[in-house]
Amino acid sequence: MSNTETTGPDLTHLGIPEAESETETHIGLTETYAAHNYHPLRVVLAKGEGAWVTDVEGRRYLDCLAGYSALNFGHSHPRLVARAHAQLDNLTLTSRAFYNDQLGPFAKALAELTAKDMILPMNSGAEAVETAIKVSRRWGYSVKGVPENRAHIVVMEGNFHGRTTTIVSFSNDPDATQGYAPYTPGFTMVKYGDLDALESAINEHTVAVLLEPIQGEGGVVIPPDGFLRQVRELCSARDILMVADEIQSGLARTGKTFACDHEGVVPDIYILGKALGGGLYPVSAIAADTRVLGVITPGSHGSTFGGNPLAAAIGHEVVQMLQTGEFQERATVLGERLTAGLEALVGHGFDAVRSRGLWAGIDIDPSLGTGRQVTEALLADGVLAKEAHGQTVRLAPPIVASEDDIDLLVGAFEKICRG
Ligand SMILES: Cc1ncc(COP(=O)(O)O)c(C=O)c1O
């Protein structure tokens, strides 16, 4: 690359010191013109293929965050790119004022994958969670017979369900909630994995229990064995909807189509997002039976972009890719390799490793550094990862990674642990 290509434009008039590299130029522009709602690692990515990304300086990195599991199929999966290209040439947006020829087939395929009667398509994960909350409340009033304004939902401590005002109203992360009051009422938070606490929080107006089968943002926290089954039984016995947010845990990440499958549990509502759009496009949805989703009537909920033909085409391709089970199987195989490598480091720099499929949370021994410092060291070694909370690093490599990629990732940690 020539000097002129790597040296950025002069932005000194904006208070940005003269950039020394293209990386610094882009970081300067982003920090100046985009609000500071994230604290990214200092790398500027320009290209991605499979499990690998390349930055503006031409350096390659193994992407072990994979868009928080949105990139389960890797960057630019050829099947997904081809399907998106084909659809771009035909029709991209109709709004739901009209039918389009992509939504019906996608809805049928996703309903079959979830073994539910129907779906309701949206765009972002948070919108799908909002949809599940609205549907649960409406179901509570019109089917369960809860008195107006009394619908109650139980949620879990340490949850992460998105960023809307209602969703942050039941978060216990001060970074996510502070300064956003007044909060939406109608939620009770209980300790994740504590069935007794859940049982005591339930009242006659409880319409739903909303949980992540594994808490991703919480640090890949896996509830005690049997917890999901017990929640299922409790919900069935008390006529309460079990609502599983599988936005991060679903669609092959854990080695099964849904994380609930590990306990043979079928929730009343699945909430899906991230990988449903193949990392190409925001596609989310909830899936449920008619006795639940039938409460939605024309005009009662919607989104201009939800169910648009481009989203539906990509989502349909994703569902077809999941139907064979090959990605689920691959996540299991690679996950076993990753877990074995990481577990060997417990006591040598790691305090604990939690994993399911190709998804791991590592508690770093504080004497080694913070989670952030470890991700910075990984970056310097060509591996992208993200800390979850202070001492935790979470890993979710694309499922298209190779065995060598997983060994490289483990090797990078071994190097850090050796000091
Ligand atoms: C479990 C879970 N639910 C909901 C969301 C919100 O999704 P989005 O960022 O697409 O709104 C996330 C995002 O990380 C998530 O992990």
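For the sequence shown, our numbering begins at 1270 and goes up steadily by one.
Ideal Cβ placement from N, Cα and C applies to all residues, glycine included.
### Task
Consider the C-beta atom of H1700 and the heavy atoms of ligand 1; say whether any pair is separated by less than 7 Å.
The question about residue 1700 has no answer, for the chain in this structure spans 1270 to 1688.
### Task
Answer with buried or exposed for D1632, where buried requires no fewer than 16 other C-beta atoms within 10 angstroms of its C-beta.
For D1632, the number of other beta carbons within 10 angstroms of its own is at least 16, and it is reported as buried.
### Query
Taking C-beta to C-beta, are G1584 and L1389 nearer than 8 Å?
No, they are not a contact pair.
### Task
Sort out for me which residues DSSP pairs S1624 with in a bridge.
DSSP, once it has assigned bridges, lists A1629 as partnering S1624.
### Task
Specify, as a first and last residue, the run of the alpha helix (DSSP H) that E1417 falls within.
E1417 -> no alpha helix (DSSP H), and no H or E assigned at all.
### Chain-order list of residues whose beta-carbon lies under 8 Å from that of V1652 (same chain, five-residue window excluded)
Apart from sequence neighbours up to five positions away, the residues of its chain that approach V1652 with a beta-carbon distance below 8 Å are Y1330, L1331, C1333, L1677, L1678 and A1681, ordered along the chain.
### Message
I need the straight-line Cα distance from A1689 to D1537, nearest angstrom please.
### Response
Residue 1689 is absent from the structure shown; the chain starts at 1270 and stops at 1688.
### Query
Going along the chain, which residues of its own chain have a beta-carbon closer than 6 Å to the beta-carbon of L1362, five neighbours each way excluded?
Closer than 6 Å at the Cβ level, and outside the excluded window around L1362, lie N1577.
### Query
Excluding five sequence neighbours on each side, which residues of the same chain lie with their C-beta closer than 6 Å to the C-beta of R1498?
Leaving aside the five residues that flank R1498 on each side, the residues in its chain whose CB is nearer than 6 Å to its CB run, in chain order, E1532 and V1534.
### Query
So the alpha helix (DSSP H) K1460 belongs to, where does it begin and stop?
Run containing K1460: none; DSSP gives neither H nor E here.
### Task
Using 10 angstroms around the beta-carbon of H1430, count the other beta-carbons present and answer buried if the total reaches 16, otherwise exposed.
That one is buried.
### Task
Compare the beta carbon distance of A1554 and A1353 with 8 Å and say whether it is the shorter of the two.
Between A1554 and A1353, the CB-CB gap reaches or exceeds 8 Å.
### Task
Answer yes or no: the CB of A1395 versus the heavy atoms of ligand 1, is any distance below 7 Å?
Correct: A1395 has its Cβ closer than 7 Å to ligand 1.
### Query
If we call anything under 8 Å between Cβ atoms a contact, is I1668 one with L1607?
I1668 is not a Cβ neighbour of L1607, given a cutoff of 8 Å.
### Message
Using a Cβ-Cβ cutoff of less than 7 Å, which residues in the same chain neighbour T1400 once the five nearest sequence positions on both sides are dropped?
### Response
Cβ within range, chain order: L1389, M1391, I1555 and H1570.
### Task
Using beta-carbon positions only, say whether S1518 and G1485 come within less than 8 Å of one another.
Against a cut-off of 8 Å, the Cβ pair of G1485 and S1518 comes out as a contact.
### Query
Where do the N-terminal and C-terminal ends of the beta strand (DSSP E) with A1513 fall, by residue?
If you look at A1513, you'll find it in the beta strand (DSSP E) that goes L1510 to D1514.
### Query
Under a Cβ-count criterion, where at least 16 other Cβ atoms within 10 Å of its own Cβ denotes burial, should G1568 be classed as buried or exposed?
Within a 10 Å sphere around the beta-carbon of G1568 sit fewer than 16 other beta-carbons, which makes this residue exposed.
### Query
If you run the structure through DSSP and keep just helix, strand and coil, what is L1480?
DSSP places L1480 in the strand class (E or B) of the three-state scheme.
### Query
Are there three or more Cβ pairs, one per stretch, closer than 8 Å when the stretch 1584-1594 is compared with the stretch 1654-1674?
Contact fails: fewer than three Cβ-Cβ distances are below 8 Å.
### Query
Along the chain, where does the beta strand (DSSP E) that runs through R1560 open and close?
Premise fails: R1560 lies in the alpha helix (DSSP H), T1559 to L1562, not in any beta strand (DSSP E).
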